[in-house]
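Numbering (the numbering used here), first residue to last: 1163 to 1475. All C-beta atoms, glycine included, are put in the ideal place defined by N, C-alpha and C.
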Amino acid sequence: MRIIEGEEVRKILTPKACVSVMRKALADLEEKKAFQPPRTIAIMPNTAKFGFMPAYVGEYFGAKVLNAYGPNEGTEYPSHIGYVMLFESKHCTVAGLVDATSITEIRTGAVSAVATDLLARPDAHKLAFLGAGAQARSHMAAIQTIRSITEVSVYDIRPESAQRFKNEMEAMYGVPVTICGGVREAVQDADIICTVSPGKEPVLFADMVKPGCHINAVGTFTPTTREVASDLMEKGKLYADQVEAMKRESGEFLIPKEEGRIHDSDIIGSIGEVLLGRVKGRESEEEITIFDALGLAVEDVASAAYVMKQMEE
C-alpha cells in the first residue's frame, strides 16, 4: 500500500494533466462508466464539515474522507484536510492513501477550467476572483491553460490575502493583478468570474455582471449557503457538475427555487453532458453562463487514481 502526500501529488497532478483527467471523469459519469452514490456530510460540534465521498472509476474505487473547516481560511492550515482511500477493482485490495488537500485544490480548479473552456466566450481574457485563497490559486493555474488571460482582478475581505495572491500570481504567470476594494469593482467588465469564498450569503448580483460573462460558482456546497444571488441565477444559463447533486445540495439553486424564481427545468444539464454533445453550451455572445460546482467524488477518486497509476509506472 502506498501513501502519497501532497508534495508528490502536486508534482504529478499538474493543472494541465488534471484538466484532461476531469474531462474524462465527467464524461464517464454521464455514460455510467463511473459511479458515485450520494456523499455524506456531517456537521461536527466544532463546525467542521466532515465528509465521506465514495466513487468507482474503473480500475479503482474508493472514497475521499476529509473535513472542510472554514476557520482555517487565512491561516497556515488548509481549509480542506483528509485523504482519498483507493482500492484496486480486480481483487478489491487497498491500493493506498492519497493526500486529499492537494487533490481537492487541484481538481476543483481543473473542473472549472473544463466548464470555462466549454461555456466562456473564446475571446475571454479578463478573469475576476472573489476570494484569494487556495482555490483562487488553483483556478488561476487551471484556467490560464485554456484561455489567454491578460488581466486579473481580486477581492478578498482580508487585504493581506489579496496582496499575497497578487504577488504570487504576477510572479508565476506575468499577468497584472488588480486588488479591488469591493465585489462590484472586482467583477466589472470581467469575462470570467470565479466565486471561491466560504461565505454563506450571496455577494454576486445580476446588475454586477456584464452580458457574455461566464461564472464559476465554487465556494459553497450546502443547501443553505450560496455566493450567487437569486436574480443572477434567474438570469443565467445554469450548468451543474452533476444535475442530481445540484437538485439535492446546491444552495445556489435550491434557495431561488424555493422562492419560485427558478425550476428544475432551468438546469440546462451537466458539464459531462455538454462534453458528450447531449446538451448545448454557450449559444450566443451575450448570454450569461453559470457553472455551479459542488465537487464530486468521481473527481477526487479519478484524480487520486491518476496519481497512483503514475507512481506505479
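Residue nearest to M1331 in terms of C-alpha spacing, selected from E1449, C1342, A1294, I1354: A1294
What does the Cβ neighbour count give for P1216, buried or exposed, with the cut at 16 atoms within 10 Å? buried
May I ask you to list the residues that DSSP assigns as paired with N1229? F1212, I1243
Helix, strand or coil at I1430 according to DSSP, with G and I counted as helix: strand
Looking at the strands, I want to know which residues DSSP matches up with N1378. Residue pairing by DSSP puts N1378 in a beta bridge opposite C1356, F1453.
Where N1229 falls, given that 16 or more other Cβ within 10 Å makes a residue buried: buried
Under three-state DSSP, which class holds G1271? helix
Can you name the start and end residues of the alpha helix (DSSP H) that L1259 belongs to? For L1259, no alpha helix (DSSP H) encloses it; the enclosing beta strand (DSSP E) starts and ends at 1256-1261.
Nearest-angstrom Cα separation, counted from S1300 out to L1437: When rounded, the distance between both Cα atoms is 22 Å.
Could you tell me whether the Cβ atoms of P1240 and A1296 are closer together than 9 Å? yes
Could you say if the region 1277-1288 and the region 1252-1261 meet the contact criterion of at least three C-beta pairs nearer than 8 Å? No: the two stretches stay apart, fewer than three of their Cβ pairs being nearer than 8 Å.
Does the Cβ of G1422 have 16 or more other Cβ atoms within 10 Å, making it buried, or fewer, making it exposed? exposed
Taking the alpha carbon of P1177 as the reference point, which residue from F1367, T1307, I1377 has its own alpha carbon closest? T1307
Going by Cα to Cα distance, which pick from Q1404, E1347, P1418, Y1335 is closest to E1363? P1418
Buried versus exposed call for H1242 [16 or more other C-beta atoms within 10 Å across all chains shown]: H1242 comes out buried.
In whole angstroms, give me the CA-to-CA distance for V1316 and V1349. Going by C-alpha positions, V1316 is about 8 Å away from V1349.
Look up F1383 in the DSSP assignment and say whether it is helix, strand or coil. coil
Exposed or buried, which one is S1150 when buried takes at least 16 other CB atoms within 10 Å? With the chain running from 1163 to 1475 in the structure shown, residue 1150 is simply not present.
Cβ-based burial, A1402 [other Cβ within 10 Å; buried from 16]: The C-beta of A1402 has 16 or more other C-beta atoms within 10 Å across all chains shown, which makes the residue buried.
Alpha carbon to alpha carbon, how far is K1471 from F1367? 43 Å
My output table needs one value for T1278: the three-state DSSP class, helix, strand or coil. helix
In chain order, what residues of the same chain lie with their CB nearer than 6 Å to the CB of G1244, ignoring the 5 residues before and after it? Taken in chain order, the residues that qualify are V1227, L1228, A1262.
Helix, strand or coil: which one does DSSP assign to E1238? coil
Return yes when the Cβ of T1451 is within less than 9 Å of the Cβ of H1376, no when it is not. yes
Would you kindly work out how many angstroms separate the C-alpha atoms of F1383 and V1365, rounded to a whole number? 15 Å
With DSSP run on the structure shown, which of helix, strand or coil describes E1447? coil
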